[in-house]
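The listed protein sequences derive, respectively, from chains S and C.
My numbering numbers the first residue of the first sequence as 152 and each following residue consecutively.
My numbering numbers the first residue of the second sequence as 9 and each following residue consecutively.
What follows is a set of notes on a single structure, which appears directly below.
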Amino acid sequence: MVVCFQADRMVRLTWPLFQTLRGLFAVYKPPGVHWKRLRDTVETKLLKELNSLEQRVPRQQIRFLPSFTEGENGVETSLTVAQLPVLADHPRVLGVGNGNQQLVCLHNRHLTKEYTVQGSFGTATEDFSDTGRLIERTTYDHITLERLERIIAVIQGIHQRALLTYSGIDLKSQEAYELASRGLLRPMHKSPPIITAIRCVHLSPPKFTLAIQCLHETQQYLRKMVHEIGLELKSSAVCTHVRRTRDGIFTVEDALVRTRWDLQSIQAAIQDSRSKVNATLGEDSSGYSAILGEDMPTGVKGQERRSRRSGPRPVGD
Amino acid sequence: MAALMSFSRWRSLGMALTGRSLRSCGSAGWQCLQARGLRQANDREPISRYMGKGRRRSRLFVWGFAQTGALGLPQLSLPRAGRERPRQSQLKPRQLELDERISSAACGYGFTLLASQTCDITKVWGMGLNKDSQIGFHRSRRDRTKGYEFVLEPSPVPLPLEKPQETRVVQVSCGRAHSLLLTDNEGVFSMGNNAYGQCGRRIVDSEIYRLYVGRITVSSEQRRARFIPVDGELMAKQVNVPKHLPFTGVGKIMQVACGGTHAAILNREGNVFVWGYGILGKGCNLSESKVPEMILPTLFGWSEFTPQVQVNRIRCGLNNFAAITNCGELFVWGKNLRGCLGIGRMDDQYFPWRVAIAADVVDVACGVDHMVALTRSFI
Numbered sequence: 152m153v154v155c156f157q158a159d160r161m162v163r164l165t166w167p168l169f170q171t172l173r174g175l176f177a178v179y180k181p182p183g184v185h186w187k188r189l190r191d192t193v194e195t196k197l198l199k200e201l202n203s204l205e206q207r208v209p210r211q212q213i214r215f216l217p218s219f220t221e222g223e224n225g226v227e228t229s230l231t232v233a234q235l236p237v238l239a240d241h242p243r244v245l246g247v248g249n250g251n252q253q254l255v256c257l258h259n260r261h262l263t264k265e266y267t268v269q270g271s272f273g274t275a276t277e278d279f280s281d282t283g284r285l286i287e288r289t290t291y292d293h294i295t296l297e298r299l300e301r302i303i304a305v306i307q308g309i310h311q312r313a314l315l316t317y318s319g320i321d322l323k324s325q326e327a328y329e330l331a332s333r334g335l336l337r338p339m340h341k342s343p344p345i346i347t348a349i350r351c352v353h354l355s356p357p358k359f360t361l362a363i364q365c366l367h368e369t370q371q372y373l374r375k376m377v378h379e380i381g382l383e384l385k386s387s388a389v390c391t392h393v394r395r396t397r398d399g400i401f402t403v404e405d406a407l408v409r410t411r412w413d414l415q416s417i418q419a420a421i422q423d424s425r426s427k428v429n430a431t432l433g434e435d436s437s438g439y440s441a442i443l444g445e446d447m448p449t450g451v452k453g454q455e456r457r458s459r460r461s462g463p464r465p466v467g468d
Numbered sequence: 009m010a011a012l013m014s015f016s017r018w019r020s021l022g023m024a025l026t027g028r029s030l031r032s033c034g035s036a037g038w039q040c041l042q043a044r045g046l047r048q049a050n051d052r053e054p055i056s057r058y059m060g061k062g063r064r065r066s067r068l069f070v071w072g073f074a075q076t077g078a079l080g081l082p083q084l085s086l087p088r089a090g091r092e093r094p095r096q097s098q099l100k101p102r103q104l105e106l107d108e109r110i111s112s113a114a115c116g117y118g119f120t121l122l123a124s125q126t127c128d129i130t131k132v133w134g135m136g137l138n139k140d141s142q143i144g145f146h147r148s149r150r151d152r153t154k155g156y157e158f159v160l161e162p163s164p165v166p167l168p169l170e171k172p173q174e175t176r177v178v179q180v181s182c183g184r185a186h187s188l189l190l191t192d193n194e195g196v197f198s199m200g201n202n203a204y205g206q207c208g209r210r211i212v213d214s215e216i217y218r219l220y221v222g223r224i225t226v227s228s229e230q231r232r233a234r235f236i237p238v239d240g241e242l243m244a245k246q247v248n249v250p251k252h253l254p255f256t257g258v259g260k261i262m263q264v265a266c267g268g269t270h271a272a273i274l275n276r277e278g279n280v281f282v283w284g285y286g287i288l289g290k291g292c293n294l295s296e297s298k299v300p301e302m303i304l305p306t307l308f309g310w311s312e313f314t315p316q317v318q319v320n321r322i323r324c325g326l327n328n329f330a331a332i333t334n335c336g337e338l339f340v341w342g343k344n345l346r347g348c349l350g351i352g353r354m355d356d357q358y359f360p361w362r363v364a365i366a367a368d369v370v371d372v373a374c375g376v377d378h379m380v381a382l383t384r385s386f387i
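Take a look at the structure:
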């Protein structure tokens, strides 16, 4: 799970600390936990640690405030000197939220994800997983690696065709030929789930493991794919495990496990991934570029938005 | 029963409940019991067997212009109340059910010939346009003196064989309005239009071609195609004088195919080279080429993860190309005349495109506006 940091709760950040927390990092989600619960947990832990840090004393500033005094000729205005704290340093004021932008940019890149899917031949269930209601039991002793690989090659071929069809480019143009001959023709907008690569990692009937690289997929689609592989092999199959091993540029090695959900590890993870994220999005580390695909307005409006978000925005109470 | 289940008991029953969030732990205990009960019930379910001996069956797929009956699917040409509506072209491959295993197929202009290597009386089937008797004589039921002009279903072609139960048909080949059959014992048979002597017999002015199926004796050179690979190099046959085509950089040539205004060759590494005029398969900008141009292997499914993929058969129709890879995939490109490419649409295809067939393609026959694919089932 890729997490970006957005703190709109009570937190106090200094500018250098804020800089180290601007970015993306990956977190390992244990099975059976809802992703929202995990995100809230990470956020709460991080905020607790940040609040326990030494708080800077708010700076004082000299302000000339207008005041009204009763004089002979009615109400007179004059200026009085007062010493006030700088509201920008107030604990409840600061809000940051620029990491979401990077996440949106990354999403618009439509990068592939890799999964390890484990299945089991011999049963067919209602929701294609091993915990659903049983529909049928079948034999599976005829399934060999050669037959499974043949079916998998066919699936890959069908999806290669879908890659070209959903790319959104006119297939009669020279551009389509140039991209297809280099293998770069891919959908850059919303499309049905497409499998870009699939191979069998392990087969010992009834259990088998597949490594699937796909775009725009859902878990239900992967389970259904396992079911359909079973049908093509004149048997049936259910999906027992689905594990994401890569999400765009973040792999399992980059993901932080539960014991490392603390400030230092998160800062280190953001630092490590910064170069990869920047290289993918084609931007420099100090600001955000306008590469958000065709949906983002470029030009004057885009530049205005960027200049406004260059620093922490003071927010009133 | 759910209320009696305590939280600790649920935890000890195990983590088999994948996919359920911690919030629903109250009902998880009951679901766990249900799962255990289901597993016991599942073991009592009967086991079905769908797999037989595992012999891979041959299948025939057809697509293209359907109105002449060349596809052998009468439901596409004749209106039948309550059934599917007739249509002009079959844009996607459709299976043609036949009892015999077809070993050789050929497509002409509006007709198809299918041959099997059986020793039965019926060895060859023909369907489609039959105005010049290019698929044999099929006597009409209404008028016994005439034959059908359009044959809508695969019909047996009667052959004047001396020993019909010992002879096998090895290959069939079709031209615009004539066809040739090669047998193993009894030579070559020809049928159809003979206006230019293409059937190998004497030209007769204003002959009625509908009634003749004859045997011809031809020498082996005349039987071959126009371009002949000789020792890996190319000889072009122009007016009976073979001419050597000095191509460099194409490697050892293994197969060659020619169409109306173009030609293609396949070398030992599995690379396809095309030249000529028309849609050659390298984008819309390349419409003619005097020298062979290679089509990149990535367009046939080659990639770093699948380096073993290569083309091993190439065929040409009048305005289109077809290539079969060693993985059993069929790629087509060229002019999509009346849906002959089988890609599901009527647009022309400027670079190789996979045809979706639910079987491994072994061979393909290209005609002017239709195609026939000989395939084997997956398992």
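Positions of the beta carbon are idealized from the N, C-alpha and C atoms, including for glycine.
> Using a C-beta to C-beta distance shorter than 7 Å, which residues of chain C count as neighbours of GLN325/S?
Replying inline: Near GLN325/S (Cβ distances below 7 Å), the residues of chain C are GLY291, CYS292, ASN293.
>> Quick check on the DSSP output: the beta strand (DSSP E) that includes LYS298/C runs from which residue to which?
In response: Run containing LYS298/C: 296 to 303, per the beta strand (DSSP E) assignment.
> Assuming ASN320/C and THR333/C make a contact with CB atoms under 8 Å, what is their CB distance in whole Å?
Replying inline: So it is a contact: roughly 7 Å between Cβ atoms.
> For the beta strand (DSSP E) that contains THR142/S, what are its first and last residues?
Replying inline: Outside the modelled stretch of chain S, which goes from 152 to 468, sits residue 142/S, for which no answer is possible.
> Going along the chain, which residues of its own chain have a beta-carbon closer than 8 Å to the beta-carbon of HIS367/S, five neighbours each way excluded?
Replying inline: Leaving aside the five residues that flank HIS367/S on each side, the residues in its chain whose CB is nearer than 8 Å to its CB run, in chain order, HIS261, PRO338, LYS341, SER342, PRO343, PRO344, ILE345.
>> Closer than 7 Å to a non-hydrogen atom of the ligand SAH - does that hold for the CB of SER112/C?
In response: For the structure depicted, the ligand SAH is absent and the ligand set is empty, with no information on it obtainable.
> What does GLU277/C reach in chain S if we use C-beta pairs closer than 9 Å?
Replying inline: Residues of chain S passing the Cβ test: none, with the nearest at roughly 17 Å.
> In the structure shown, what three-state DSSP assignment does PRO167/S receive?
Replying inline: It is helical.
>> Under DSSP, the beta strand (DSSP E) around GLU161/C begins and ends at which residues?
In response: Run containing GLU161/C: 158 to 164, per the beta strand (DSSP E) assignment.
> In chain order, what residues of the same chain have a beta carbon less than 8 Å from the beta carbon of ARG362/C, not counting five sequence neighbours either side?
Replying inline: So the list reads GLY309, GLU337, LEU338, PHE339, once near-sequence residues are dropped.
>> Under 8 Å, Cβ to Cβ, is there at least one residue of chain C near TYR266/S?
In response: Not an interface residue.
> Which value, in whole angstroms, describes the spacing of the CA atoms of ALA381/C and TYR328/S?
Replying inline: A direct Cα-Cα distance of roughly 26 Å separates ALA381/C from TYR328/S.
> ALA331/S lies in the alpha helix (DSSP H); which residues open and close that run?
Replying inline: Its alpha helix (DSSP H) spans residues 325 to 332.
>> Please confirm whether GLY319/S has its beta-carbon closer than 8 Å to some beta-carbon of chain D.
In response: Any reference to chain D falls outside this structure, whose protein chains are S and C.
> Interface residues of chain C around LEU384/S at Cβ under 7 Å?
Replying inline: Ordered by position in chain C, the residues that pass the 7 Å Cβ test against LEU384/S are ILE387.
>> According to DSSP, is HIS353/S part of a helix, a strand, or is it coil?
In response: In the three-state scheme derived from DSSP, where H, G and I count as helix and E and B as strand, HIS353/S is classed as strand.
>> One question on the structure: do THR228/S and PRO217/S come within less than 8 Å of each other, judged by their Cβ atoms?
In response: In contact: THR228/S and PRO217/S (Cβ atoms closer than 8 Å).
> Counting pairs of Cβ atoms below 8 Å between the stretch 353 to 372 of chain S and the stretch 266 to 284 of chain S, do you hit three or more?
Replying inline: As far as the Cβ criterion goes, the stretch 353 to 372 of chain S touches the stretch 266 to 284 of chain S, which means the pair count is three or higher.
> Which ranges does the beta strand (DSSP E) cover as unbroken runs of at least 3 residues, wholly within the stretch 338 to 422 of chain S, from first to last along the chain?
Replying inline: Segments of the beta strand (DSSP E) lying fully in the stretch 338 to 422 of chain S: 345 to 355, 358 to 366, 388 to 398.
> Out of curiosity, what's the CA-to-CA distance linking PRO8/C and PHE272/S?
Replying inline: Beyond the ends of chain C as shown, which are 9 and 387, falls residue 8/C; an answer cannot be given.
>> Since LEU137/C and THR76/C should fall inside the 8 Å C-beta cutoff, what is the C-beta to C-beta distance between them, to a whole number of angstroms?
In response: Right, their Cβ atoms sit about 5 Å apart.
>> Could you compute how far the alpha carbon of GLN415/S sits from the alpha carbon of LYS196/S?
In response: Between the alpha carbons of GLN415/S and LYS196/S lies a distance of about 12 Å.
> When DSSP labels each residue in this structure, what does PRO236/S get in the three-state scheme?
Replying inline: Of the three classes helix, strand and coil, the one that applies to PRO236/S here is strand, per DSSP.
> Given that ALA331/S touches chain C, what residues does it touch there, using C-beta distances under 7 Å?
Replying inline: Within chain C, the residues near ALA331/S are LEU307, PHE359.
> Would ASP107/C be called buried (16 or more neighbouring beta carbons within 10 Å of its own) or exposed?
Replying inline: By the C-beta density criterion, ASP107/C is exposed, having fewer than 16 other C-beta atoms within 10 angstroms.
> What is the residue span of the alpha helix (DSSP H) that VAL258/C lies within?
Replying inline: Careful: VAL258/C lies outside any alpha helix (DSSP H) and carries neither H nor E.
> Quick one: Cα of ASP292/S to Cα of VAL369/C, how far?
Replying inline: Rounded to whole angstroms, ASP292/S to VAL369/C spans 26 Å at the Cα level.
> Which bits of chain S does ILE55/C rub up against, with CB to CB less than 7 Å?
Replying inline: Among the residues of chain S, those whose CB is under 7 Å from the CB of ILE55/C are ARG288, THR289, THR290, following chain order.
> Is there a Cβ from chain S that is less than 8 Å from the Cβ of MET59/C?
Replying inline: Judged by the 8 Å Cβ criterion, MET59/C is in contact with chain S.
> Quick one: what's got a C-beta closer than 7 Å to THR276/S's C-beta in the same chain, skipping five residues either side?
Replying inline: GLY283, ARG284, LEU285, ILE286, VAL389.
> From the DSSP output, which residues share a beta bridge with HIS270/C?
Replying inline: Bridge partners of HIS270/C according to DSSP: GLY284/C.
> Taking LYS260/C as the reference, which of ILE322/C, HIS252/C, ILE273/C has the closest Cα?
Replying inline: Nearest to LYS260/C by alpha-carbon distance, out of ILE322/C, HIS252/C, ILE273/C, is ILE273/C.
>> Can you give me the C-alpha to C-alpha distance between VAL132/C and LEU307/C, rounded to a whole angstrom?
In response: Cα to Cα, the separation comes out at about 36 Å.
> By Cβ distance, which residues of its chain are closer than 7 Å to GLY183/C, with the 5 residues on each side in sequence left out?
Replying inline: If we look at GLY183/C and ignore the five residues flanking it on each side, its Cβ neighbours are GLY116, GLN206.
> Using Cβ-Cβ distances below 9 Å, what residues of the stretch 164 to 186 of chain S are close to chain C?
Replying inline: Flagged, chain order: PRO182, GLY183, VAL184, HIS185.
> Count the other CB atoms within 10 Å of the CB of GLY257/C; is the residue buried (16 or more) or exposed (fewer)?
Replying inline: Its Cβ having fewer than 16 others within 10 Å, GLY257/C is exposed.
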